[in-house]
Amino acid sequence: MTILFRNLRAFGYVTVLILAGGVLGIASYFASQFLPHTRFSYTIYSLVAPSVTIAVLITLLYDSRPWIDALFLFIMTISWLGKFNICVDINGPADCYSLGSSRTQTKHGTISSKAFCYEAKTLEAVSWSIFIILMFFLIFVIALANRSQVLGWPEIWYEDIYDLPWFGEYPGYPGQPFYPPYPGAEFQNQGPMVGGPQMLGNGGVVQHQPGHSIIIWPGANGEPPRIEQRPGIVTHNTLSL
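With this note's numbering applied, the sequence shown covers -2 to 238.
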């Protein structure tokens, strides 16, 4: 994961954690007013969805793999879409302001129907917002993992989530070299590499000039590698850092 995607992922997941915490707070209030005999399914779903989301996101922020992120993002996206649909069914098109001073029955007595309506509408809006955020990150993870496979990292789905790049950047953690499997290239764990008769450069194919060696200088912070040609035969040992 490059710096940009790492920060975007952390910001997005923390935002969802905060929103889910708000939903859990309102749902807890509903539970104290209605459970166990009134609005049971609506209140239980309102408690379960944010609780599971908070637990899963905290775990994903600690450690994850792209396939794990994609799986749980898909599950949470579906659950929050369901939560939104339940809220729409319960709330309906009613105008909260028009409820006036009417009261809603609870297990302890009554509460203001207008206040309950506004709180329920808040759950509806927040559920939709969480659904949108999670759906975007699901798309990002799938797109970036597939792009990394195209760039030469076939096992990216099972690697650390930190190895995912942002668009326009190469896979790998910032500052660590990444060597795409170009044909004819000799891959090393450190230092520059000496390539074969032709290499792929930033603008296309770099032809191997007779009597020259092709050297790949690994890019840092998601930048593509720099390809250079030098006269004579260059060995890895003479250029090791």
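Built from N, CA and C at the ideal position, the CB exists for glycine as well.
Every value quoted in this text rests on a predicted model; they were computed, and no experiment measured them.
Taking C-beta atoms as the reference points, residue 19 and residue 123 count as a pair closer than 9 Å.
Sequence-distant partners of residue 54 (beyond 5 residues in either direction) whose C-beta falls short of 7 Å from its own C-beta, in its chain, are 10, 13 and 14. Three or more Cβ pairs drawn from the segment 121 to 139 and the segment 78 to 87 lie within less than 8 Å of each other, which places the two stretches in contact. Looking from the CA of residue 146, the closest CA among 134, 133, 160 and 0 belongs to 160. In terms of Cβ geometry, residue 142 and residue 164 do not form a close pair [threshold 9 Å]. DSSP places residue 3 in the uninterrupted alpha helix (DSSP H) bounded by 0 to 31. If the five residues before and after residue 49 are omitted, its C-beta is found closer than 8 Å to the C-beta atoms of 73 and 76, all from its own chain and listed in chain order. If one requires a minimum length of 3 residues, the beta strand (DSSP E) runs lying completely within the segment 41 to 106 are 100 to 102, in chain order. Pairing residue 104 with residue 93 gives a Cβ-Cβ distance that is not under 9 Å. Under the three-state reduction of DSSP output, residue 144 falls in the helix class. With a 10 Å radius around the Cβ and a threshold of 16 neighbouring Cβ atoms, residue 211 comes out buried. In the displayed model, residue 225 falls within a strand according to three-state DSSP. Less than 9 Å separates the beta-carbon of residue 135 from that of residue 71. DSSP lists 226 as the bridge partner or partners of residue 211. A Cβ-Cβ separation of about 6 Å places residue 66 in contact with residue 158 under the 8 Å criterion. Excluding its 5 nearest sequence neighbours in each direction, residue 99 has C-beta neighbours in its own chain below 7 Å: 110, listed in chain order. Here the alpha carbons of residue 61 and residue 155 stand approximately 9 Å from one another. Excluding the 5 residues flanking it on each side, residue 46 has same chain C-beta neighbours closer than 6 Å at 76 and 80, in chain order.
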